[in-house]
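Residue numbers (our numbering): 12 to 105.
Printed below as a string of structure tokens:
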């Protein structure tokens, strides 16, 4: 499974949407991102504006898994975003 690691600074407006676009942009060379319009979001945190995050993206067959971590808590993701090819988009909070 290919893994992509990037840094991201939370955007002022719509920070969650900004990180979702970043994830799909980072994957565009490896997969047809237009097939991954649906997503599921899990986590205990949120994306703050002007805060730097580490984003780890794993391409896993029919899914793209992205783990968003704060550098101060690099072992535990604050959010996991999973993009699906053929699924209904849901928002879940753990």
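Beta carbons: idealized from backbone N, C-alpha and C, even for Gly. It should be emphasised that the depicted structure is a prediction, and the values quoted were computed from it without experimental measurement.
*Taking the alpha carbon of residue 56 as the point to measure from, which residue in 15, 17, 26 and 50 has its own alpha carbon closest?*
The candidate whose alpha carbon is nearest that of residue 56 is 26.
*Who does residue 95 pair with in a DSSP beta bridge?*
Answer by DSSP bridge pairing, in chain order: 49 and 74.
*Grouping DSSP H, G and I as helix and E and B as strand, with all else coil, what is residue 58?*
Three-state DSSP puts residue 58 in coil, outside helix and strand.
*Alpha carbon to alpha carbon, what distance is there between residue 65 and residue 20?*
Those two C-alpha atoms are separated by around 9 Å.
*Look at the alpha carbon of residue 59 and the alpha carbon of residue 22, and state the distance between them as a whole number of angstroms.*
So the two alpha carbons sit approximately 8 Å from each other.
*My understanding is that residue 87 touches residue 80, with C-beta atoms under 8 Å, so please give their C-beta distance in whole angstroms.*
That pair is a contact at about 7 Å.
*In whole angstroms, what separates the C-alpha of residue 102 from that of residue 31?*
At residue 102, the pLDDT of 44 sits below 50, so the modelled position is not reliable and the matter cannot be decided from this model.
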